[in-house]
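Quick mapping for you: the protein sequence lines, in order, are chains A and F.
For the record, in the first sequence the residue sitting at position 213 is 214 according to my numbering, with numbers rising by one throughout.
For the record, in the second sequence the residue sitting at position 2 is 3 according to my numbering, with numbers rising by one throughout.
The beta carbon of each residue, even a glycine, is placed where N, CA and C say it ideally should be.
Here the structure is laid out as structure tokens; the discussion comes afterwards.
2 protein chains.
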Amino acid sequence: MKDVAARAGVGLKTVSRVVNGEPGVTPDTERRVQEAIDALGFRRNDSARVLRKGRTASIGLVLEDLADPFYGPLSRAVEEVARAHGALLINGSSAEDPDREQELALALCARRVDGLVVIPAGDDHRYLEPEIRAGVATVFVDRPAGKIDADVVLSDNHGGARDGVAHLIAHGHRRIGFIGDMPRIHTAAERLRGYRAAMEDAGIPVEEAWTSLGVTDPERVRRAAEEMLSGPAPVTAVFAGNNRVTVTVIRVLAELSRPVALIGFDDIELADLLNPGITVVAQDAALLGRTAAERLFRQLDGTLLAPERIELPTRLITRGSGELPPAE
Amino acid sequence: MKDVAARAGVGLKTVSRVVNGEPGVTPDTERRVQEAIDALGFRRNDSARVLRKGRTASIGLVLEDLADPFYGPLSRAVEEVARAHGALLINGSSAEDPDREQELALALCARRVDGLVVIPAGDDHRYLEPEIRAGVATVFVDRPAGKIDADVVLSDNHGGARDGVAHLIAHGHRRIGFIGDMPRIHTAAERLRGYRAAMEDAGIPVEEAWTSLGVTDPERVRRAAEEMLSGPAPVTAVFAGNNRVTVTVIRVLAELSRPVALIGFDDIELADLLNPGITVVAQDAALLGRTAAERLFRQLDGTLLAPERIELPTRLITRGSGELPPAE
DNA sequence: CTTGCATCTGACAACGTTGTCCAGGCTCTA
DNA sequence: TAGAGCCTGGACAACGTTGTCAGATGCAAG
């Protein structure tokens, strides 16, 4: 900038004014400055700008795994909102590791992001308290914050799972399996709770062998499914706790000779083209992201609101697999 | 930091030393400083640090659409490499708009990212020349850079498409359709070229009605597919130019009474579970991202190398749909 | 006791930008 | 033509950090 000023033969501040489109510069001067900028290939150093102004016009997104098809649209939605507010998005994956989540979130704070959208991996977010006090806007998505009071945007995991399982019961099933992620993950726990609630509503006692928790890699999901599908009284329907589990279960069922009903949590691409189509409890990832981001910017606008818990409804999409009758 | 120094009763620089783990501080002093840091919830301001040091330890990723399942793993791979080098990843979507790509890339440069991984939307990247001269490491992925000399990491789009189409020919097809994206997109053009090459190798003249270019939204892809599948001499096989096209074509074929062979470029989740399974030419998105990122950091390490064009092989995965014989 | 050396500590400038404030030149009016 | 008021342009400090360098302190050896 100094160089530009020297070349244009004007003061430093005048260049600054031109760069920022501030008023109070003669067209002639502006032209000279602009020429110097072009000639030198000058680009304002935003780091210095941030240092001076305090705001960075960037927000951070901590999510679980960008490669998971569920988070792509969510991330994209956050980005679009950020863009509409002139902000950039910095993101990172926690890989479901609480330590890594914390490391990432704090690194983003050190970069002085204006706000933070966090998909929690851990269940204790007190480490963010100093940052929030220091003015970093914060919204949690998909899972609630742990041990601090903050904005949260969730899907109705409990209700969605309950409705899905009730749907299976309505189609005549009584022995229904549930395969889900580790219960320390909030969404997994809520979906399990929904499963149990639906069963209880129908007066069906849940047998130990019907639920499988904490399995996450395909090989173990496969074994879990095979187990509950064998024996003298196998389950006649399976409720899959997330998209990855659903995919694996589809594979297992495809190898089976008898039809087994299936409903999965989270929608899956091409689910309608399988035979039968896969019935799912769908959540709107993009809407989750958009809602969270908008709330973040409202915090930043100073339209300060008390922390709130927003729960978005899920949608049961029937495609065939969830409407299969029990095969006794 | 000033506050910390005051509270600990030491000089500014001493605090800096403690924060950065530099040697030359008595354990006793260090403890006092550490206490002050904890008490005040101090976190170093990386903006200032950047300003002083010149390096930001962050890299930018400009991609097409984070919601596209192809870019999720790619982005994640770049992130992992960045993380291994202690860098953060800032990313944004160009939405296939050259202006937006430029805006984004320059915004990242203004943030003084150390390097830039770009999935080009436009075909003229001379706007990056001043930045590259200023020391911003740059690697292009998935599509080549336009009008500048830079590192490029690509899939073998031409060869992959040629092999795929040759596979169809080998199974007896002669009337083979091609549905692809706008030819101004390099990958689309290369795949089209591959299609034509395979046909020419087999001595099959390509009829106008068999190729459909530039269609991208599902509705128009559908119409294009229906068109080439009707008439007196419909195509007996379709080569789909990318994952989104493939999905739409699968839907169209599912409504058809006669079997039509299909091979798609890019792998699709669940492709093996459809009936028939979908044969695809798969590229390794994660490997693309990893290769590009590693090359970026080698530029930054100063292991300076001449710009290079790296082409990664594709893989034909046969699952059934590509092996259907022509239904005459 | 003095000197020399090693170790630890702090004052200061600089990074590149922007906000504040003032100077100088201009126009307009009396 | 002089004074008031407006507009443009520039000097300077400040943002929070780190590199440089010199001063202070302590200890050992002469």
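Contact under 8 Å by Cβ, residue i with residue j
| i | j | result |
| --- | --- | --- |
| residue 239 (chain F) | residue 318 (chain F) | no |
| residue 273 (chain F) | residue 247 (chain F) | no |
| residue 142 (chain F) | residue 6 (chain F) | no |
| residue 121 (chain A) | residue 147 (chain A) | yes |
| residue 51 (chain F) | residue 113 (chain F) | yes |
| residue 249 (chain F) | residue 223 (chain F) | yes |
| residue 191 (chain F) | residue 159 (chain F) | yes |
| residue 269 (chain A) | residue 281 (chain A) | yes |
| residue 67 (chain A) | residue 76 (chain F) | yes |
| residue 242 (chain F) | residue 307 (chain F) | no |
| residue 277 (chain F) | residue 320 (chain F) | yes |
| residue 289 (chain A) | residue 166 (chain A) | no |
| residue 70 (chain F) | residue 173 (chain F) | no |
| residue 213 (chain F) | residue 263 (chain F) | no |
| residue 107 (chain A) | residue 59 (chain A) | no |
| residue 118 (chain A) | residue 297 (chain A) | yes |
| residue 199 (chain A) | residue 176 (chain A) | no |
| residue 82 (chain F) | residue 299 (chain F) | no |
| residue 187 (chain A) | residue 145 (chain A) | yes |
Counterpart residues of residue i in DSSP-defined beta bridges
| i | result |
| --- | --- |
| residue 318 (chain F) | F:281 |
| residue 93 (chain F) | F:63 |
| residue 152 (chain A) | A:140 |
| residue 310 (chain F) | F:153 |
| residue 118 (chain F) | F:62 and F:140 |
| residue 213 (chain A) | A:180 |
| residue 240 (chain A) | A:179 and A:264 |
Neighbour flag for residue i against chain A, beta carbons, 8 Å
| i | result |
| --- | --- |
| residue 60 (chain F) | no |
| residue 67 (chain F) | yes |
| residue 275 (chain F) | yes |
| residue 13 (chain F) | no |
Where residue i falls: helix, strand or coil (DSSP)
| i | result |
| --- | --- |
| residue 160 (chain A) | helix |
| residue 71 (chain A) | coil |
| residue 102 (chain F) | helix |
| residue 83 (chain A) | helix |
| residue 304 (chain F) | coil |
| residue 17 (chain A) | helix |
| residue 265 (chain F) | strand |
| residue 286 (chain F) | helix |
| residue 168 (chain F) | helix |
| residue 22 (chain A) | coil |
| residue 129 (chain A) | helix |
| residue 193 (chain F) | helix |
| residue 57 (chain A) | coil |
Any C-beta of chain F under 8 Å from that of residue i
| i | result |
| --- | --- |
| residue 52 (chain A) | yes |
| residue 120 (chain A) | no |
| residue 245 (chain A) | no |
| residue 77 (chain A) | yes |
| residue 226 (chain A) | no |
Residue i: contacting residues in chain F (beta-carbon distance under 8 Å)
| i | result |
| --- | --- |
| residue 270 (chain A) | 70, 248, 269, 270 and 271 |
| residue 46 (chain A) | 52, 111 and 113 |
| residue 255 (chain A) | 274 |
Residue i: contacting residues in chain A (beta-carbon distance under 9 Å)
| i | result |
| --- | --- |
| residue 80 (chain F) | 67, 92, 93 and 94 |
Residues that residue i contacts on chain F, provided the C-beta gap is smaller than 9 Å
| i | result |
| --- | --- |
| residue 251 (chain A) | 271 and 274 |
| residue 42 (chain A) | 130, 131, 132, 134 and 135 |
| residue 230 (chain A) | By Cβ distance, chain F contributes nothing, its closest Cβ being about 17 Å from residue 230 (chain A), past 9 Å. |
Within chain F, the residues that residue i reaches when beta carbons sit closer than 7 Å
| i | result |
| --- | --- |
| residue 74 (chain A) | 68 |
| residue 49 (chain A) | 52 |
| residue 108 (chain A) | 89 |
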